[in-house]
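Reviewing the structure listed below.
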Amino acid sequence: MIKIYTEEFYLAAGESKRETEHRKGELLLRKGLKKDYGIDYGESDSVPVIKGVHGKPQLKEYPHIFHNISHTAGLAACAIGDVPMGIDVEEIRPFSEKIIRKVMSEQEKEQFYKLKEEERTAFFFKIWTLKESYVKAGGWGITIPLTEFSFELRPDGITCSVPGVQLVQYCLKERYILSLCTIEKSEICFDEIL
31 MIKIYTEEFY
41 LAAGESKRET
51 EHRKGELLLR
61 KGLKKDYGID
71 YGESDSVPVI
81 KGVHGKPQLK
91 EYPHIFHNIS
101 HTAGLAACAI
111 GDVPMGIDVE
121 EIRPFSEKII
131 RKVMSEQEKE
141 QFYKLKEEER
151 TAFFFKIWTL
161 KESYVKAGGW
171 GITIPLTEFS
181 FELRPDGITC
191 SVPGVQLVQY
201 CLKERYILSL
211 CTIEKSEICF
221 DEIL
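Adding 30 to a residue's 1-based position in the sequence shown gives its number in the numbering used here.
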């Protein structure tokens, strides 16, 4: 089973955005490990993590427990579970259409340009988070061109040009898109916000 945890946060005056986002993501990991597995790292500086296959972070002492963290403007997300996964969360915000040719396949561009102007931004971030979650699930990072695989968003679900992946996607607070991808099947649960 995979559990997804999220937490909204605000930056205090003088706080570093990057450091705060990283700290919030790790805090979700700590809370999830304690809640779901009884693993308590106490007051240690950080959860001991090593680089696994393709450099993907994994828990040093618990290689059978998989995790992935993402954060964006004011929201941190963490997935913890029994199979490798990738998670990505993005704030829906304006973007430069120049990035479309670097991110979207021809099929995705076709879907994009068929949409009304006001629907395109959310669609872009739905595709972006799916792609990020896919490359994170495999541990490849952006070493594979994002245009070489594609997703189709349909009323009955999401399909991927790569067979065998499991995908879920959520719109949170009408402001964020969160996507999770697994290469192996597992039950996925969006747990309460910690």
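Beta carbons: idealized from backbone N, C-alpha and C, even for Gly.
Small disclaimer: the values here were computed from a predicted structure and weren't measured.
Measuring alpha carbon to alpha carbon, tell me which residue in the options is nearest residue i.
{"i": "L105", "options": "D112, G82, R53, K86", "result": "R53"}
{"i": "K132", "options": "Y164, L176, P124", "result": "L176"}
{"i": "F125", "options": "I117, E178, T151", "result": "T151"}
{"i": "G72", "options": "E148, E56, I130, G82", "result": "E56"}
{"i": "K86", "options": "W170, Y206, K61", "result": "W170"}
{"i": "F39", "options": "K81, A107, L183", "result": "A107"}
Residue i by DSSP, collapsed to three states: which one?
{"i": "S100", "result": "strand"}
{"i": "A43", "result": "coil"}
{"i": "I32", "result": "strand"}
{"i": "L224", "result": "Here the model assigns L224 a pLDDT of 49, short of 50, so the residue's position is not dependable, and the following value carries that caveat. Coil at L224, not helix or strand."}
{"i": "F71", "result": "The amino acid occupying residue 71 in the given sequence is Tyr; Phe does not appear at that position. In the structure shown, Y71 sits in coil (DSSP, three-state: anything other than H, G, I, E or B)."}
{"i": "R123", "result": "coil"}
{"i": "Y164", "result": "helix"}
{"i": "E37", "result": "strand"}
{"i": "F154", "result": "helix"}
{"i": "G62", "result": "helix"}
Residue j and residue i - do their beta-carbons sit closer together than 8 Å?
{"i": "Y92", "j": "I69", "result": "yes"}
{"i": "V79", "j": "L89", "result": "yes"}
{"i": "K33", "j": "C211", "result": "no"}
{"i": "A167", "j": "I95", "result": "no"}
{"i": "T173", "j": "D118", "result": "no"}
{"i": "M31", "j": "G116", "result": "no"}
{"i": "T50", "j": "L41", "result": "yes"}
Tell me which residues share the same chain as residue i and place their Cβ nearer than 6 Å to its Cβ, disregarding the 5 neighbours each side in the sequence.
{"i": "E138", "result": "I157, S180"}
{"i": "L197", "result": "I188, C211"}
Just to confirm my understanding: we take residue i, look at its own chain, exclude 5 residues before and 5 after, and list those with CB closer than 7 Å. What are they?
{"i": "Y200", "result": "L208, F220"}
Is residue i close to chain C? Criterion is C-beta to C-beta, closer than 8 Å.
{"i": "A103", "result": "Absence of chain C from the displayed structure is noted, only one protein chain being present."}
Is residue i near the ligand COA, judged by its Cβ being under 7 Å from some heavy atom?
{"i": "V77", "result": "The ligand content of the structure shown is nil, which means the ligand COA is not present either."}
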